[in-house]
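Everything below concerns the one structure shown next.
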Amino acid sequence: MNTRQALRYGMIILMTLLIIIVTYPIYSFSPYCEWKVVNMLESASAKIYNIVMNKLDIKDVTHALLLTDLKYSEVDGYDLYPLSYYFTSHGFVVPYNAVPVHAPVYSIPWIFVYYNDTRMSIYIEFSRECLKNVIDSLCSGKITISEASSMIVRKCISKMNILSFNINSIVEKGLKEPSKMWNYLTEKLNKYAAFSIVTITAVWSHDAPALLLLASELHNHICPGLLSGFLMYKYLMMNKLITSRDKVYIIASPVYCKDDVYVQLFDASPGKRRIIVKLLPWSEQDEISKILGGNVAGIVIAYDPETDTGRAYILAFNWTKVHIYLKKYHTSFHGPSWWVSRVIADLYMLKYVNQPDYFVKVLKTIDFRGHVWRYPSLFYELGRAGVDPYVALGVIHGNRTSRSSISAPASASARSTYSPSIVYAELGVIIILIIIIIIMAMMYRKRKH
Ligand SMILES: [Zn+2]
Numbered sequence: 001m002n003t004r005q006a007l008r009y010g011m012i013i014l015m016t017l018l019i020i021i022v023t024y025p026i027y028s029f030s031p032y033c034e035w036k037v038v039n040m041l042e043s044a045s046a047k048i049y050n051i052v053m054n055k056l057d058i059k060d061v062t063h064a065l066l067l068t069d070l071k072y073s074e075v076d077g078y079d080l081y082p083l084s085y086y087f088t089s090h091g092f093v094v095p096y097n098a099v100p101v102h103a104p105v106y107s108i109p110w111i112f113v114y115y116n117d118t119r120m121s122i123y124i125e126f127s128r129e130c131l132k133n134v135i136d137s138l139c140s141g142k143i144t145i146s147e148a149s150s151m152i153v154r155k156c157i158s159k160m161n162i163l164s165f166n167i168n169s170i171v172e173k174g175l176k177e178p179s180k181m182w183n184y185l186t187e188k189l190n191k192y193a194a195f196s197i198v199t200i201t202a203v204w205s206h207d208a209p210a211l212l213l214l215a216s217e218l219h220n221h222i223c224p225g226l227l228s229g230f231l232m233y234k235y236l237m238m239n240k241l242i243t244s245r246d247k248v249y250i251i252a253s254p255v256y257c258k259d260d261v262y263v264q265l266f267d268a269s270p271g272k273r274r275i276i277v278k279l280l281p282w283s284e285q286d287e288i289s290k291i292l293g294g295n296v297a298g299i300v301i302a303y304d305p306e307t308d309t310g311r312a313y314i315l316a317f318n319w320t321k322v323h324i325y326l327k328k329y330h331t332s333f334h335g336p337s338w339w340v341s342r343v344i345a346d347l348y349m350l351k352y353v354n355q356p357d358y359f360v361k362v363l364k365t366i367d368f369r370g371h372v373w374r375y376p377s378l379f380y381e382l383g384r385a386g387v388d389p390y391v392a393l394g395v396i397h398g399n400r401t402s403r404s405s406i407s408a409p410a411s412a413s414a415r416s417t418y419s420p421s422i423v424y425a426e427l428g429v430i431i432i433l434i435i436i437i438i439i440m441a442m443m444y445r446k447r448k449h
């Protein structure tokens, strides 16, 4: 082999190496088994649907409610939603009689179905470990889709309980022996999902509006705080304080469960900078409530981009009425009856979804004009860091911005398997290879001449 041939082969090898390095991130991250897993989970879903229908003897699916966290649960990067797909394609309609319950992706996967005609329910839980093994075996070609879906039903159901779910008797027993009843529920269901299941089922079986169920998807339960947010939403819409021309911006201060209603129903999410969350100390909350004459519940801003004008409403929610109602049952939000008092308050507040002014009122209205960059001017003014919105609006006085004694947490360590350092290393290798190729090409040309 002469020098020219050696140089030519050298360049071919280097070019091949270059192509492998450059395309590595693309082929190493492509999903390879996704649709196989989807088809397998759908097939298992049909089998689980039949088990549920038979065990609960469901004659009319519109009288049944499905709750599940499968939409949000994942195993090994595979979303488990298709495991509930047969339900949502056979009579369970989101949000009318099916609520996907928000949960961290690493949660225990579960399905709960309640049948209103018999007041019976079924709770089914799946083992994450078992699901992972079945998916691994399927993707490595050791078993077929049909074998894998049968294995899920035979081996991966780690808990299956059929239980009577009469809300009235749950409340009755819960008032008498709150801890005992709660222990029973968390044992039959699971301790993370029990509050979601009890509250959503209670409210659904008392004719909850579909939009309240929709709001409960994100919040993952229905508590008096969420219901207060729904009543404020209803108040704003029924009194035409918000129209379809408006964009809604929220100053969530005080912040509590109500604010998830705005995120879900007004698309006022923090990422879109449509909601600013500011903790309000109890002392300040009391002071503002006293000055304005109502339990202050945050600020809702309706902004019309066409006219570049807007209105801010400081809202109040009458919690005194809720506390007085709970006293009739000799219970409160605190102590061992915390859960049952929330169910009782939910059912009480639910009666007023079409009369929200029984609880809600506007304490103060502020008109404004103009915008700053993409924000309505008042939202920008009240939302900026270090600004106390109630001081800025002149409701209370004084310098409220105090320096926090808590230091900022250290920056999170990079855990990604495809970290920037790998990118830099790869870029370095590519640059070196390019330089070698150029030098070799120059040597090759020199020899030719
Ligand atoms: Zn809540």
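Counting in this note's numbering, the sequence shown runs from 1 upward without gaps.
Every residue, glycine too, gets a C-beta built ideally from N, C-alpha and C.
**Asked** Are the beta-carbon atoms of A268 and A297 separated by less than 9 Å?
**Response** On the sequence shown, residue 268 is found 268 positions in, with the first residue counted as 1. On the sequence shown, residue 297 is found 297 positions in, with the first residue counted as 1. The answer is no: Cβ separation not under 9 Å.
**Message:** Whole angstroms are fine: how far does the CA of I276 sit from the CA of H206?
**Reply:** The residue given as residue 206 occupies position 206 in the sequence shown. The residue given as residue 276 occupies position 276 in the sequence shown. Looking at the two C-alpha atoms, the distance is approximately 33 Å.
**Prompt:** What are the partner residues of H221, as DSSP defines its beta bridges?
**Reply:** Here residue 221 refers to the residue found at position 221 when the sequence shown is read from its first residue. According to DSSP, H221 bridges with nothing at all.
**Request:** With hydrogens ignored, establish whether the beta-carbon of H102 is closer than 8 Å to any heavy atom of ligand 1.
**Result:** Along the sequence shown, one-based indexing puts residue 102 at 102. Checking the Cβ of H102 against ligand 1 gives no.
**Asked** Just the Cα atoms here: how many angstroms apart are V101 and V372?
**Response** Here the question's residue 101 lines up with position 101 in the sequence shown. Here the question's residue 372 lines up with position 372 in the sequence shown. Spanning the two alpha carbons is a distance of roughly 37 Å.
**Request:** State the start and end residues of the unbroken beta strand (DSSP E) segment that holds E125.
**Result:** Sequence index remark: in the sequence shown, residue 125 carries index 125 (1-based). Segment 120-126, the beta strand (DSSP E) holding E125.
**Prompt:** Any heavy atom of ligand 1 within a distance shorter than 8 Å of the CB on H221?
**Reply:** Counting from one through the sequence shown, the residue named residue 221 turns up at place 221. H221: yes, Cβ under 8 Å from ligand 1.
**Message:** Under DSSP, the beta strand (DSSP E) around P100 begins and ends at which residues?
**Reply:** To locate residue 100, count along the sequence shown from 1; it is residue 100. Its beta strand (DSSP E) spans residues 98-100.
**Item:** Separation of G271 from I167, as counted between CA atoms
**Value:** What you label residue 167 is simply residue 167 of the sequence shown in a count that begins at 1. What you label residue 271 is simply residue 271 of the sequence shown in a count that begins at 1. Looking at the two C-alpha atoms, the distance is approximately 38 Å.
**Prompt:** For A272, which three-state DSSP category applies?
**Reply:** The sequence position of residue 272 within the sequence shown is 272, counting from 1. Note that residue 272 is Lys in the sequence shown, not Ala. Here K272 sits in coil by DSSP.
**Prompt:** Going by the C-beta, is L226 closer than 8 Å to any heavy atom of ligand 1?
**Reply:** The residue given as residue 226 occupies position 226 in the sequence shown. Flag set: Cβ of L226 near ligand 1.
**For K247, three-class secondary structure by DSSP** = Mapped onto the sequence shown, residue 247 falls at position 247. Note: K247 maps to strand in three-state DSSP.
**Request:** Use the C-beta contact count for A6: other C-beta atoms within 10 angstroms, 16 or more gives buried, fewer gives exposed.
**Result:** Start at 1 with the first residue of the sequence shown, and residue 6 comes out as number 6. Classification for A6: exposed.
**Request:** Confirm the yes/no value for this check: CB of C454, any heavy atom of ligand 1, distance under 8 Å.
**Result:** The requested residue 454 is not part of the displayed model; the chain covers only 1 to 449.
**Request:** Can you tell me which of the three DSSP states N239 falls into?
**Result:** By one-based count along the sequence shown, residue 239 stands at place 239. In the structure shown, N239 sits in coil (DSSP, three-state: anything other than H, G, I, E or B).
**Prompt:** Where does Y115 land, buried or exposed, given buried means 16+ other C-beta within 10 angstroms?
**Reply:** Within the sequence shown, numbered from 1, the residue matching residue 115 stands at position 115. It counts as buried.
**Message:** Under 8 Å: does the beta carbon of C156 sit that close to some heavy atom of ligand 1?
**Reply:** On the sequence shown, position 156 is the one that residue 156 refers to. Not so, every heavy atom of ligand 1 lies at least 8 Å from the Cβ.
**Beta carbon of K327 nearer than 9 Å to that of Y358** = To locate residue 327, count along the sequence shown from 1; it is residue 327. To locate residue 358, count along the sequence shown from 1; it is residue 358. It is not a contact, given that the beta carbons lie outside the stated cut-off.
**Asked** Does the segment 159-173 come close enough to the segment 122-141 to have 3 or more Cβ pairs within less than 8 Å?
**Response** With three or more CB-CB distances shorter than 8 Å, the segment 159-173 counts as touching the segment 122-141.
**Asked** Nearest-angstrom Cα distance between D367 and G310?
**Response** As a first step, residue 367 must be located in the sequence shown, where it is residue number 367. As a first step, residue 310 must be located in the sequence shown, where it is residue number 310. Whole-angstrom Cα-Cα distance: 6 Å.
**Request:** Express the C-alpha separation of V94 and S84 in angstroms, rounding to a whole number.
**Result:** Sequence index remark: in the sequence shown, residue 84 carries index 84 (1-based). Sequence index remark: in the sequence shown, residue 94 carries index 94 (1-based). For S84 and V94, the distance between alpha carbons rounds to 12 Å.
**Inter-stretch contact (C-beta, 8 Å, three-pair minimum) for the segment 337-346 and the segment 193-207** = Yes: the two stretches touch, three or more of their Cβ pairs being nearer than 8 Å.
**Message:** Tell me whether C130, by its Cβ, gets closer than 8 Å to a heavy atom of ligand 1.
**Reply:** Within the sequence shown, the letter at position 130 stands for residue 130. False, no ligand heavy atom lies under 8 Å from that Cβ.
**Closest Cα partner of V362 within the set A441, V263, T186, M232** = Against the sequence shown, residue 362 aligns to sequence position 362. Comparing Cα-Cα distances from V362 to each of A441, V263, T186, M232, the minimum goes to M232.
**Request:** Consult DSSP for I396 and reduce its assignment to one of helix, strand or coil.
**Result:** Stepping through the sequence shown from its first residue, residue 396 is reached at position 396. I396 falls in the coil class under three-state DSSP.
**Message:** Using a Cβ-based criterion (distance less than 8 Å to any ligand heavy atom), does C257 qualify as near ligand 1?
**Reply:** Against the sequence shown, residue 257 aligns to sequence position 257. C257: yes, Cβ under 8 Å from ligand 1.
**Asked** What three-state label does DSSP hand K234 in the structure shown?
**Response** Counted from its first residue, the sequence shown places residue 234 at position 234. It is helical.
**Request:** Return the bridge partner residues of H371 from the DSSP annotation.
**Result:** Along the sequence shown, read from residue 1 onward, the residue named residue 371 stands at position 371. Answer is P376.
**Request:** Keeping to the same chain, check which residues put their C-beta closer than 6 Å to that of K47; ignore five residues upstream and five downstream.
**Result:** Along the sequence shown, one-based indexing puts residue 47 at 47. Closer than 6 Å at the Cβ level, and outside the excluded window around K47, lie V153.
**Message:** Suppose the cutoff is 7 Å on Cβ atoms and the five residues either side in sequence are ignored; what does the same chain contact list for P389 look like?
**Reply:** Against the sequence shown, residue 389 aligns to sequence position 389. Hits under 7 Å: I251, S253, K278, I299, L382.
**Asked** What does a CB cutoff of less than 6 Å around V198 pick up in its chain, not counting 5 residues either side in sequence?
**Response** Along the sequence shown, read from residue 1 onward, the residue named residue 198 stands at position 198. Cβ within range, chain order: n/a, list empty.
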